[in-house]
Amino acid sequence: MLSVLTPTAGPSPAALGAGAPPARHRPEIQGLRAVAVLLVAAYHVWFGRVSGGVDVFLLLTGFLITGSLVRSVERGGGVRAGAFLARLLRRLSPAAGLVLAGVLAGTWLWVPRPRWRDTVAEVAASALYHENWRLAAHSVDYLARDAASPVQHFWSLAVQGQAYLVWPVLVAVAAAVAARSGRGTRPVLAAILAAVAAASFGYAVAATAADQPRAYFDTGARLWEPALGGLLALLPDRVRAPAAVRAALGWAGLAALAACGALVDVSTAFPGWAALWPTGAAALVLAAGVSGRPWGADRLLCWAPLRRVGDLAYPFYLWHWPVLVLYLQASGRPAAGPADGLAVLALSAGLAWATDRATGGRPAPAPAGYGLAVAAACLAPALVAAGLWTAGLDARQRSADLAAADSARYPGAGALADPRVAARLPDAPVYPDLTAPRDPWATHVNGCNTEVEGTEVAACSYGPATAGRTVALVGSSHVGHWFPAMRELALRHGWRLVVMTKNSCRFGAAPQRLGGALYADCEAWKDGVMAELAELRPDAVFTTATVSGAAERERVPDDHVRRWRELDAMGIGVIAVRDTPRLDFDAPECVDRRGAAACVAEQSASLARDSPLDTAAGVPDNVAFVDLTRYLCPDGRCPAVVGNVLVMSDDNHLTATYSRTLAPMLGAQVHAATGW
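Sequential numbering of the sequence shown, starting at 319, is according to our numbering.
Dropping the structure here:
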């Protein structure tokens, strides 16, 4: 993520070709890099916020590599992309390889098993410079775990690495056009970079408005930042203004950079318009240059201790995040306080110094093939370890799947339905295996579900079109997690089951809000569902009856009743199931850390003690209620494990396995309520 070129002459003449003088020394850039990395670390450790420092590093990346590549062309050496990239890999990979190996070791020691698979996969993605794309895909995974990965910060290193692949091409194109047209390389490259910056920034603004979490990691939405840095590198060394003005510009830039993270919620506003704040602040500092005034900001930035921090910025950045995440995992604390936060930073600084010494600092010139060999040697251990670990997890999962086929060992809800089953229940490892506990229901991962962003009704049908009865399963994920049980019933009785679900979208008649704003996509989707139902005319719609939650008492919402009346007018029945509990802990992680016996929630924390179904007013005759709470919260307590089966895959969604074990009980209640 941090540029690995020094803010001086760049690569040696031997690497780039001789002839032109070296670039002017820019000592203040190391100080700026130090300020940016300290802001990144401090905001991460103490405030749980993003500072905007990453955007500064991306701008500096463009500034430094553009200057380096252009000087290579002007010296007559051409772009020499192979030597350029090999040198970067030689500088980047040793530190990255050490950190990734350390993360794997720390994961084994301190990270809960439910996070192992994702963490190991992210280590591999980080080593191969595509962690940003993995996180972009992860950002739209509704069932993804919220906890931070120890290598999540490698996303920016991945963006930087992808920019390194693009920049030699841009400079080579500019050099070729300049040679044909008789113009200088710099003005041609400036035009190209301006076009890249404009296109990328326009895309960033649009993508941020449409899907900010994904846009945050999107390389296309970030390229404008190194392009802006590249444009600055092509301008004169400093603003042609009096020294006092330049000194003031430098302080204004530093002040704006320091304030950015405090005044802007970077994590939810970037990389759109708001990202102009930190990049603009850094641009002011670069434009100010060295003012020569004793009170100028450059005096601070050129201070030897701060420049030394800048020298260690890359390894310090790599270490600070995994040290923080692993410390919080090991201590069980949600955040670092003043003292332990200082300890995290001190340990990160020590590891950064040791890493810098171990990797030899700035490498000497060498053939490109040697640089690639060094990169492969440094990153291969983490990649091999990640691959072997993943293979081991896969083998463990296959073994667990075979064992789970024994219903006597894994009866799930059957242990609550039949005391004889409970009495014969053997000791067995929890299933799903805690190294792969998500166990999602099929319709949530096979395209038969509409994500939060989206309005199209992704209707999927199971069973024959000529079935005697058709049931439409409609609503949010709290309806979707009943699919495995309903699928069992449909297979047993020859029903046709049609699934229409959308994340966070209840099938009520009133407009819903999400994140404080009108959930417009939900309203459009519900309109589409009603049109589908009008054409399908199912015998019944299976949906949720109540809404559970800690913030307010469980209830049957009035808009649910209004929707049921609309269905009644269409001649469609309703099977309304009581909502599932919401735990105050992540079930798989709690079981892994504390054991199943300690992971029990009180029903009253999210569900009413007495069912609201008994007192619901105005319910039309087409509605049949079902309530499986006794199999989720027996005796008013909601265990994380029942019959050796994990009940919840997180804190509020049923595992597919436990849902399937509820099929007999659900079927009995549906039969009693409907007579089917």
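All residues carry an ideal CB built from backbone N, CA and C; glycine is no exception.
Which one of G400, S444 and P430 has the shortest CA to CA distance from L416?
Looking at the Cα atoms, S444 is the closest of the given residues.
Shortest alpha-carbon distance to H362 belongs to which of G400, A670, A919 and L636?
Per the Cα distances, L636.
Using beta-carbon positions only, say whether D792 and G846 come within less than 7 angstroms of one another.
Here the sequence assigns Val to residue 792, which means Asp is not the residue at that position. The answer is no: Cβ separation not under 7 angstroms.
Give a yes or no on contact between the segment 614 to 625 and the segment 400 to 417, applying the rule of three or more CB pairs nearer than 8 angstroms.
With the cut-off at 8 angstroms, the segment 614 to 625 and the segment 400 to 417 do not touch.
Which residue's Cα is closest to the Cα of A735: I347, T947 and N450?
That would be T947, whose Cα lies nearest to the Cα of A735.
For L356, which residues of its own chain have a beta-carbon under 6 angstroms away from its beta-carbon, when the five flanking residues on both sides are left out?
So no residue of the chain qualifies.
Where DSSP assigns a beta bridge to Y780, which residues make up the other side?
For Y780, which the question treats as bridged, DSSP gives the partners L815.
Could you check how far apart the C-beta atoms of A803 and L980 are, in whole angstroms? I think they sit under 8 angstroms.
Indeed, because the Cβ distance is near 5 angstroms, the residues count as touching under 8 angstroms.
Would you decide whether G657 is buried or exposed? Buried here means 16 or more other CB atoms lie within 10 Å of its CB.
According to the sequence provided, residue 657 is Ala. The question's Gly does not apply to it. Under this definition A657 is an exposed residue.
Compare the beta carbon distance of A900 and P938 with 7 angstroms and say whether it is the shorter of the two.
Contrary to the premise, residue 900 reads as Arg rather than Ala in this sequence. Result no, Cβ atoms of R900 and P938 do not sit closer than 7 angstroms.
May I have a chain-ordered list of the alpha helix (DSSP H) segments no shorter than 4 residues that lie completely inside the segment 489 to 565?
Taking only runs of at least 4 residues, the alpha helix (DSSP H) segments lying wholly in the segment 489 to 565 are 503 to 533 and 542 to 552.
Distance, Cα to Cα, C852 vs D910?
Here the sequence assigns Ala to residue 852, which means Cys is not the residue at that position. If you take the alpha carbons of A852 and D910, they lie about 47 angstroms apart.
Within 8 angstroms, do at least three Cβ pairs link the segment 572 to 582 to the segment 525 to 532?
Taking 8 angstroms as the limit for Cβ pairs, the verdict is that the segment 572 to 582 does not touch the segment 525 to 532.
Determine the direct distance from the alpha carbon of E346 to that of P685, and round the result to whole angstroms.
Their Cα atoms are separated by approximately 31 angstroms.
Does the segment 920 to 935 come within contact of the segment 816 to 836, defined as at least 3 CB pairs closer than 8 angstroms?
The segment 920 to 935 vs the segment 816 to 836: no contact.
DSSP three-state call for T975: helix, strand or coil?
If DSSP states are grouped into helix, strand and coil, T975 belongs with the helices.
In terms of residue numbering, what span does the beta strand (DSSP E) encompassing A915 cover?
Neither: A915 is in no beta strand (DSSP E) and is coded neither H nor E.
Please return the same chain residues whose Cβ sits closer than 6 angstroms to the Cβ of Q987, not counting the five positions on each side in sequence.
Around Q987: V944.
To the nearest angstrom, how far is it from the Cα of R738 to the Cα of T753?
Each residue's Cα considered, the two are about 30 angstroms apart.
So, with DSSP's three-state summary, where would you put I347?
Note: I347 maps to helix in three-state DSSP.
With 16 other CB atoms within 10 Å as the buried threshold, where does T597 fall?
Flag for T597 reads buried.
Report yes if the CB atom of A532 is closer than 7 angstroms to the CB atom of A454, and no otherwise.
Reading off the sequence shown, one finds Arg at residue 532, where the question assumed Ala. Yes, the Cβ-Cβ distance between R532 and A454 is below 7 angstroms.
Taking contact to mean at least 3 C-beta pairs separated by less than 8 angstroms, is the segment 638 to 658 in contact with the segment 416 to 435?
At 8 angstroms Cβ cutoff, the stretches touch.
Going by CA-CA distance only, name the one from G687, D724, T537 and S467 that's closest to L743.
Looking at the Cα atoms, D724 is the closest of the given residues.
For T753, does the three-state DSSP call read helix, strand or coil?
Coil at T753, not helix or strand.
Just mark E771 as buried or exposed, buried being the case when its beta carbon has 16 or more other beta carbons within 10 Å.
Exposed.
Rounding to the nearest angstrom, what Cα-Cα distance links T677 and A413 in this structure?
Each residue's alpha carbon lies about 7 angstroms from the other.
Using the beta-carbon count (16 or more within 10 Å), is P894 buried or exposed?
This sequence places Ala at residue 894; Pro is not what is there. It is buried - the Cβ of A894 has at least 16 other Cβ atoms within 10 Å.
Measure how close the beta-carbons of A726 and D373 come, nearest whole angstrom, since I'm counting them as under 8 angstroms.
Contact doesn't hold; Cβ gap of about 58 angstroms is too wide.
Excluding sequence positions up to five away, which residues of its chain have a Cβ less than 7 angstroms from the Cβ of D536?
Result list for D536: A454 and A525, in chain order.
Using CA coordinates, which residue listed in Y949, Q348 and L711 is at the minimum distance from T898?
Comparing Cα-Cα distances from T898 to each of Y949, Q348 and L711, the minimum goes to Y949.
State the DSSP-derived secondary structure class of T326, mapped to helix, strand or coil.
Bear in mind that a pLDDT of 43 at T326, under 50, signals an unreliable position, so the number given afterwards is only what the model happens to contain. T326: coil per DSSP, three-state reduction.
How about R351 and G628: do their beta carbons lie closer than 7 angstroms?
Yes; because the gap between Cβ atoms is below 7 angstroms, this pair is in contact.
So V469 packs on E449, CB below 8 angstroms; how close in whole Å?
The Cβ separation is near 7 angstroms, so the contact holds.
Contact defined as beta carbons within less than 8 angstroms: I believe A481 pairs with L541. What is the distance between those atoms, to the nearest angstrom?
A481 to L541, Cβ: 7 angstroms. Contact.
Per DSSP, which residues does G891 bridge with? Please list them.
Bridge partners of G891: A858.
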